[in-house]
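Q: Starting off with a structure, shown below.
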Ligand SMILES: Cc1ncc(COP(=O)(O)O)c(C=O)c1O
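Residue numbers (our numbering): 6 to 392.
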């Protein structure tokens with residue numbers, strides 16, 4: 006009997022295309038002679054045992070960087086770096102490098118992740134930075150982070166503002182910017198959970214970053230892109246070399262040993278993305294998946310979307326979040342438990358909400374198939390009928 010099909014709704018590390026697993030596995034067994042896994046004769050060595058200074062890895066690295074420009078549309082005015090330390094390290098590196106003396110770093114608070122970024126800006130200032138202020142320009146905390154808050158009409162003066170930082174998609178609450186804010190300030194974007202999912206201008210941010218483990222590859226590699234002119238800026242002497250963008254850029258992105266496997270897989274995912282119609286091609290598929298789930302939630306008396314229909318423009322196409330219980334407050338927890346247990350038994354993996362908020366979450370990144378969403382929608386409808 007065939008094994009039960011499991012649909013992986015994990016928020017990250019997350020599902021990747023089966024073709025990518027195949028090609029990555031081949032490269033682990035033996036790397037193709039063109040520095041790649043496809044077609045070319047093998048080099049007699051695994052990707053995992055070759056030097057990051059070797060010509061073979063150099064080609065893999067350069068190709069991944071080139072694909073970031075080509076497939077994600079990051080302009081050549083920007084330096085692309087494939088770093089370690091996750092998006093979390095970027096929360097600190099950005100203010101360490103770019104919070105100029107006496108300036109203000111501005112943030113929009115859409116919940117965990119942006120709050121972590123805000124805290125790191127404050128920590129950098131407290132820990133021997135150059136005396137910058139951290140300002141939160143907008144927050145949706147008061148309503149449980151159920152929408153993307155609007156920016157105030159009057160923004161701080163450009164001359165005194167180091168940058169405006171936004172989280173383009175909040176993975177935990179399931180909120181997403183419809184479009185990047187049109188502001189006359191340098192924009193820094195944490196695009197970890199919706200990079201490459203639809204055309205929305207992420208690639209044109211002054212600085213952008215994304216942990217790869219959702220839409221781009223495995224954990225342990227972080228895509229960073231930043232305007233080359235910013236690499237010229239003066240950085241305080243106390244900032245260690247490894248935390249300076251300019252030091253990484255000066256060494257062509259290979260300042261120290263990168264996550265060689267992660268870089269290879271990132272390149273393979275971008276090739277897959279390109280072959281599937283690129284970011285624009287993904288947009289339609291991702292919208293159809295999200296629409297199907299929100300339709301079930303909006304028509305249910307049992308399931309309640311975390312982001313209400315009134316805030317539809319803030320709804321994430323990548324992470325759909327909801328709670329159970331309908332009008333009945335009591336019994337909500339037990340019902341949620343039952344739903345998650347039955348969903349797990351039916352082959353829907355990873356739909357438990359983030360530990361900080363509970364409830365349920367379906368993460369439906371680029372590689373997640375529509376048929377898995379359709380199956381979950383049917384399961385939810387049937388569960389409600391029985392509940
Ligand atoms: C939007 C967002 N930012 C930052 C992070 C933290 O990423 P990392 O674990 O790569 O540091 C996550 C992790 O899920 C995330 O979803």
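For glycine and all other residues, C-beta sits at the position ideal for the given N, C-alpha and C.
Enumerate, from N- to C-terminal direction, the unbroken beta strand (DSSP E) stretches of 3 or more residues contained entirely within the region 172 to 214.
A: Listed in chain order, they are 192 to 195.
Q: Do residue 142 and residue 113 have their CB atoms nearer than 8 angstroms?
A: The answer is yes: Cβ separation under 8 angstroms.
Q: Buried or exposed: which applies to residue 300, given that a residue is buried once 16 or more other Cβ atoms fall within 10 Å of its Cβ?
A: The residue in question, residue 300, is exposed, as its Cβ has fewer than 16 Cβ neighbours within 10 Å.
Q: Taking Cβ positions, are residue 70 and residue 258 nearer each other than 8 angstroms?
A: In contact: residue 70 and residue 258 (Cβ atoms closer than 8 angstroms).
Q: So who's on the other strand from residue 216, going by DSSP bridges?
A: Note: residue 216 sits in a beta bridge opposite 227.
Q: Tell me the residue span of the beta strand (DSSP E) that contains residue 138.
A: 138 to 144 is the extent of the beta strand (DSSP E) around residue 138.
Q: Report yes if the C-beta of residue 198 is less than 7 angstroms from at least one heavy atom of ligand 1; otherwise report no.
A: For ligand 1, at least one heavy atom lies less than 7 angstroms from the Cβ of residue 198.
Q: Once the 5 residues before and after residue 243 are set aside, which same chain residues still bring their CB inside 8 angstroms of it?
A: Only 133 meet the Cβ criterion.
Q: Tell me which residue opens and which closes the beta strand (DSSP E) that residue 310 is part of.
A: 308 to 310 is the extent of the beta strand (DSSP E) around residue 310.
Q: Distance check for residue 284 and residue 185, CA to CA, integer angstroms please.
A: Cα to Cα, the separation comes out at about 16 angstroms.
Q: Straight-line CA distance for residue 155 to residue 200?
A: One C-alpha to the other measures close to 22 angstroms.
Q: Roughly how many whole angstroms lie between the Cα atoms of residue 192 and residue 96?
A: When rounded, the distance between both Cα atoms is 14 angstroms.
Q: Please report the Cβ distance between residue 229 and residue 72, rounded to the nearest whole angstrom; I am assuming they are in contact, meaning their Cβ atoms lie under 8 angstroms.
A: Incorrect: roughly 15 angstroms between the Cβ atoms, too far for contact.
Q: Quick one: does the C-beta of residue 174 sit closer than 7 angstroms to a heavy atom of ligand 1?
A: Yes, since a heavy atom of ligand 1 falls inside the 7 angstroms radius drawn around the Cβ of residue 174.
Q: If you follow the alpha helix (DSSP H) that residue 235 is part of, which residue opens it and which one closes it?
A: Looking at the DSSP string, residue 235 is not in any alpha helix (DSSP H), and its letter there is neither H nor E.
Q: What is the residue span of the beta strand (DSSP E) that residue 70 lies within?
A: Element bounds for residue 70: not the beta strand (DSSP E) but the alpha helix (DSSP H), 60 to 77.
Q: Can you determine whether any heavy atom of ligand 1 sits closer than 7 angstroms to the C-beta of residue 118, and answer yes or no?
A: Under cutoff, so the answer is yes.
Q: Tell me the residue span of the beta strand (DSSP E) that contains residue 84.
A: Residue 84 -> beta strand (DSSP E) spans 83 to 88.
Q: Quick one: give me the first and last residue of the beta strand (DSSP E) that residue 264 is part of.
A: Taken as a continuous stretch (DSSP letters only), residue 264 belongs to no beta strand (DSSP E), as it is neither H nor E.
Q: Let me check understanding here. Comparing Cα to Cα, which of 266, 292 and 160 lies closest to residue 29?
A: Comparing Cα-Cα distances from residue 29 to each of 266, 292 and 160, the minimum goes to 266.
Q: What does the alpha-carbon distance come out to for the pair residue 291 and residue 273?
A: Their Cα atoms are separated by approximately 20 angstroms.
Q: For residue 235 and residue 168, I'd like the C-alpha separation in whole angstroms.
A: Roughly 12 angstroms separates the two Cα atoms.
Q: Taking C-alpha atoms, which residue in 239, 221, 297 and 295 lies nearest to residue 26?
A: Considering only alpha carbons, the answer is 221.
Q: Out of 9, 279, 286 and 203, state which residue places its alpha-carbon closest to the alpha-carbon of residue 183.
A: Looking at the Cα atoms, 203 is the closest of the given residues.
Q: Determine which residues share a DSSP beta bridge with residue 221 and list them.
A: Residue 221 pairs with nothing; no bridge assigned.
Q: Does DSSP put residue 252 in a helix, in a strand, or in coil?
A: Helix.
Q: Within 10 Å of its beta-carbon, does residue 11 have 16 or more other beta-carbons around it, so buried, or fewer, so exposed?
A: Exposed is the call here.
Q: Is residue 93 near ligand 1, in the sense that its beta carbon is under 7 angstroms from a heavy atom of that ligand?
A: Flag set: Cβ of residue 93 near ligand 1.
Q: Rounded to whole angstroms, what is the Cα-Cα separation between residue 124 and residue 197?
A: Using only the alpha carbons, I get a separation of about 18 angstroms.
Q: If we count the other Cβ atoms within 10 Å of its Cβ and call it buried at 16 or more, is residue 139 buried or exposed?
A: By the 10 Å Cβ count, residue 139 comes out buried.
Q: By how many angstroms is the C-alpha of residue 340 removed from the C-alpha of residue 326?
A: Approximately 16 angstroms, taken between the alpha carbons.
Q: Considering only C-alpha positions, which residue in the set 9, 18, 8 and 13 is nearest to residue 271?
A: The option with the nearest alpha carbon to residue 271 is 18.
Q: Measuring only from the beta carbon, is residue 195 closer than 7 angstroms to any heavy atom that is part of ligand 1?
A: Yes; taking the cut-off as 7 angstroms, the Cβ of residue 195 has a heavy atom of ligand 1 nearer than that.
Q: From the DSSP output, which residues share a beta bridge with residue 3?
A: Absent from the structure is residue 3, since the part of the chain shown begins at 6 and ends at 392.
Q: Can residue 133 be considered in contact with ligand 1, in the sense that its beta carbon sits closer than 7 angstroms to one or more heavy atoms?
A: Flag unset: Cβ of residue 133 not near ligand 1.
Q: Helix, strand or coil: how does DSSP classify residue 21 here?
A: Here residue 21 sits in coil by DSSP.
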